[in-house]
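For reference, the structure is listed below as structure tokens.
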Amino acid sequence: MSDLFLKTGLLLARIPAAINRRIEEAHEEINERGDRGDNPVVTVILWVAGIGIAVTIVAALVALGNRASSKVDNVDLGG
Numbered sequence: 179m180s181d182l183f184l185k186t187g188l189l190l191a192r193i194p195a196a197i198n199r200r201i202e203e204a205h206e207e208i209n210e211r212g213d214r215g216d217n218p219v220v221t222v223i224l225w226v227a228g229i230g231i232a233v234t235i236v237a238a239l240v241a242l243g244n245r246a247s248s249k250v251d252n253v254d255l256g257g
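Under the numbering used here, think of the first position of the sequence shown as 179, with each following residue one higher.
Okay, structure coming up:
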């Protein structure tokens, strides 16, 4: 059982070094490639439009569900 704890401890001890190494690699890659040309204004517009469309779809589905529910509620099943 202690062998399992030892292996787990060693594995967990190596995680911070691996994360730091990956972050350094990412910084080097960003510095080498430079600006990707993403325009933050366009990104915000696309996000707002996407969220607006999603909200519109959800509202339409809720309205449709309420309409169908009201029609079903008025049906007399003879009970």
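By construction, the Cβ of each residue, glycine as well, lies at the ideal position given by its N, Cα and C atoms.
None of the values given here were measured: they were computed from a predicted structure.
Taking G212 as part of the alpha helix (DSSP H), name the residues at either end of that continuous run. Element bounds for G212: n/a, residue is neither H nor E.
Please give the ranges of any beta strand (DSSP E) in the stretch 220-255, keeping only runs that are unbroken, at least 3 residues long and fully inside the region. Qualifying beta strand (DSSP E) stretches: none in this window.
Rounded to the nearest angstrom, what separates W225 and N217 at their Cα positions? The straight-line gap from Cα to Cα measures roughly 13 Å.
Whole angstroms are fine: how far does the CA of E207 sit from the CA of A227? Distance between the alpha carbons of A227 and E207 is about 31 Å.
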